[in-house]
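Asks: Residue numbers (the working numbering): 71 to 138.
Ideal placement from N, C-alpha and C gives every residue a C-beta, glycine not left out.
Just so it is clear, the structure is predicted and the values come from calculations on it, not from any experiment.
1. On the criterion of 16 or more Cβ atoms from any shown chain inside 10 Å, does residue 110 qualify as buried, or is it exposed?
2. For a test of the three-state rule: what should DSSP assign to residue 127, helix, strand or coil?
3. Enumerate in chain order the residues of its own chain whose CB-to-CB distance from residue 121 is below 7 angstroms, with the five nearest sequence positions on each side excluded.
4. Confirm, please, whether the CB-CB distance from residue 94 to residue 84 is below 9 angstroms.
5. Near residue 107, which residues of its chain fall below 6 angstroms by C-beta distance, leaving aside the five closest residues on each side in sequence?
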């Protein structure tokens with residue numbers, strides 16, 4: 071499990087994927103979300119600009135990221 075330190079009120083989902091280097095571009099991040107490959111708090115998430123906040127748990131390809 072990876073922890074991501076939030077430096078504001080929230081971070082959009084696709085921005086988080088880029089910030090942790092899970093993807094190489096915003097287009098790739100959007101494709102992952104559109105294909106239903108991302109789970110947020112144990113639910114498949116299709117909103118690219120979902121505002122992630124402290125305590126949210128993101129899962130993809132057997133990886134877990136927790137916002138702290």
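Replies: Taking the geometry as given:
1. Position 40 of the chain shown, counting from 1, holds the residue named residue 110. Buried: at least 16 other Cβ atoms inside 10 Å.
2. Position 57 of the chain shown holds residue 127. Three-state result, residue 127: strand.
3. Numbered from 1 along the chain shown, position 51 holds the residue referred to as residue 121. Within the same chain, residue 121 has close Cβ partners 80 and 82.
4. To locate residue 84, count along the chain shown from 1; it is residue 14. To locate residue 94, count along the chain shown from 1; it is residue 24. No, the Cβ-Cβ distance between residue 84 and residue 94 is not below 9 angstroms.
5. Counting from one through the chain shown, the residue named residue 107 turns up at place 37. 130, listed in sequence order.
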